[in-house]
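Comments concern the structure below.
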Amino acid sequence: MGKKYDVIAMGELLIDFTMSGESEQGNGMFEACPGGAPCNVLALLNKMGKKTAFLGKVGKDQFGVLLRETLDDVGIDTSNLLADDQVNTTLAFVHTFPDGDREFSFYRNPGADMMLTAEEVDPEFLSQSRLFHFGTLSMTHDGVREATKKAIKAAKDNGLMISFDPNLRPPLWSSLELAKEQMEYGFQFCDILKISDNEIQFVSGKEDYDEGIRYLQEKYQIPLILLTMGKDGSRAYYKGMRVERSGFQCKTIETTGAGDTFCGSSLNYILEHDFENLTEEQLAEMLTFANAAAAIVTTRKGAIHAMPEKEEVEKLIHQ
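First residue of the sequence shown? That's 21 in my numbering, and the numbers climb one at a time after it.
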């Protein structure tokens, strides 16, 4: 029996305002880029021909309208994208530094994505997917945290594969202790964990990445852990194997969405292969493609509209 969706993702959908030069008066100009990690992941999957849907909430404002139109435009199912008439769509201003790294200023106190409630999560909808993907931004506050836990349970009960990207954003948490606690909640349920170099150090307290991953593997028995190391590439840890592939050099303008592109590419590969029996060659192939796709996204503004075609990624790999 085929499922209606390949992947359903849940979480924040927001506008990333990214620096876009200066006006004639010398004022900084910002470009309104539709974003939010879970939908960035789905946008890449859609480019690869997968059927996706999103569960989340935006405001009944112009930004909410823009986000819904954007998802419709790239082919992400919006039947479970709700609108809140009291609270505005979440906004994030991305300040990019000369080296391409960035810092976020969030306007989310509250933001519509936090207003999703457990009652609004439909287990029947979730059961129609092969894989469920989530992060921790939908776990920062009580109501939406309950909604996330209900969705994880529904995914588990219906035998979906579960993918988790903690996507730590310290400014959004009342305390880093709470952030760590919610990351640990996610670790208990995921089959696939995508985690960045600074996140593994934060959560494991270990400087060495391999030691940090070992700590997670022993404590949570996560089948596949994908570690991203920025321009240094990535690693996959699976059934005692450790596979590493270096990154691709591109002219980076900003790194927003690179990790999500990597994540979406990896999930796409997993959906096309036997997750129980991945080989070292397959893991290497998966990382190479995901690294290349992520590199391409760093050369473009925004994320949802910046996702590469399969041919572009393959071209970069073969160069």
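Even glycine gets a Cβ: it sits at the ideal position worked out from N, Cα and C. The structure presented is a predicted model; accordingly, all values stated were derived computationally and were not measured.
At a cut-off of 4 residues, the continuous stretches assigned as alpha helix (DSSP H) that sit fully inside the stretch 54 to 89 are 57 to 67. As computed with DSSP, ASN100 is found in a beta bridge with LEU75. For ARG165, the enclosing alpha helix (DSSP H) starts and ends at 162 to 177.
Judged by their CB atoms, MET30 and ALA171 are nearer to each other than the 9 angstroms cut-off.
The straight-line gap separating the alpha-carbon atoms of ASP228 and GLU44 is approximately 48 angstroms.
In this structure, DSSP gives PHE209 a helical state, which the three-state scheme calls helix. Residue pairing by DSSP places ALA29 opposite PHE74, HIS153 in a beta bridge. Under the Cβ criterion (8 angstroms, minimum of three pairs), the stretch 83 to 91 does not count as touching the stretch 185 to 197.
Between THR276 and GLY250, the C-beta spacing is not below 9 angstroms. By the 16-neighbour rule on beta-carbons within 10 angstroms, MET261 is exposed.
Annotated three-state conformation of HIS338 is helix, per DSSP. Annotation for ASP36: the continuous beta strand (DSSP E) segment containing it runs 34 to 42. The C-alpha of PHE83 lies about 43 angstroms from the C-alpha of GLU238. Contact between TYR240 and GLN202 does not hold, since the beta-carbon distance rounds to 14 angstroms and is not under 8 angstroms. Annotation: the stretch 254 to 332 contains the following complete segments of the alpha helix (DSSP H) (minimum length 4 residues), in chain order: 278 to 292, 300 to 317. Taking 9 angstroms as the cut-off, the beta carbon of THR98 is found no closer than this to the beta carbon of TYR25.
Within the DSSP secondary-structure output, ALA112 pairs in a beta bridge with ASP36, PHE126. Beta-bridge analysis with DSSP links LEU244 to ILE212, TYR258.
For the pair LEU33 and ASP119, the CB atoms are not nearer than the 9 angstroms cut-off. The C-beta distance from ALA167 to LEU136 rounds to 5 angstroms, short enough to meet the 8 angstroms contact threshold.
For ASP119, there is no enclosing beta strand (DSSP E), as DSSP gives it neither H nor E.
Taking C-alpha positions only, LYS80 is separated from LEU291 by approximately 35 angstroms.
For ASP217, no beta strand (DSSP E) encloses it; the enclosing alpha helix (DSSP H) starts and ends at 217 to 224. Contact check between the stretch 222 to 236 and the stretch 291 to 308: fewer than three CB pairs, one atom from each, fall below 8 angstroms, which does not count as touching. Following the DSSP letters along the chain, one finds GLU144 inside the alpha helix (DSSP H) bounded by residues 143 to 146.
Excluding five sequence positions before and after HIS115, the CB atoms of its chain that fall closer than 8 angstroms to its own CB belong to MET39, ARG122, GLU123, PHE124, SER125, given in chain order. Within a 10 Å sphere around the beta-carbon of HIS161 sit 16 or more other beta-carbons, which makes this residue buried. Counted as a single uninterrupted DSSP element, the beta strand (DSSP E) harbouring ASP185 occupies residues 181 to 185.
By the Cβ-count criterion, PRO328 is buried, with 16 or more other Cβ atoms from all chains shown falling within 10 Å of its own Cβ.
Nearest neighbour of ASN288 by Cα position, chosen from CYS210, LEU307, SER266, turns out to be LEU307. Take SER224, set aside five residues on each side of it, and the residues of its chain with a beta-carbon closer than 6 angstroms to its own are GLY232, TYR235, in chain order.
Shown here, GLY250 sits in a helix according to DSSP, grouped into three states.
Under the 10 Å beta carbon count, ASN60 is surrounded by 16 or more other beta carbons and is classified as buried. The residues LEU188, in chain order, have a CB closer than 8 angstroms to that of ASN218 in the same chain once the five nearest residues on each side in sequence are set aside.
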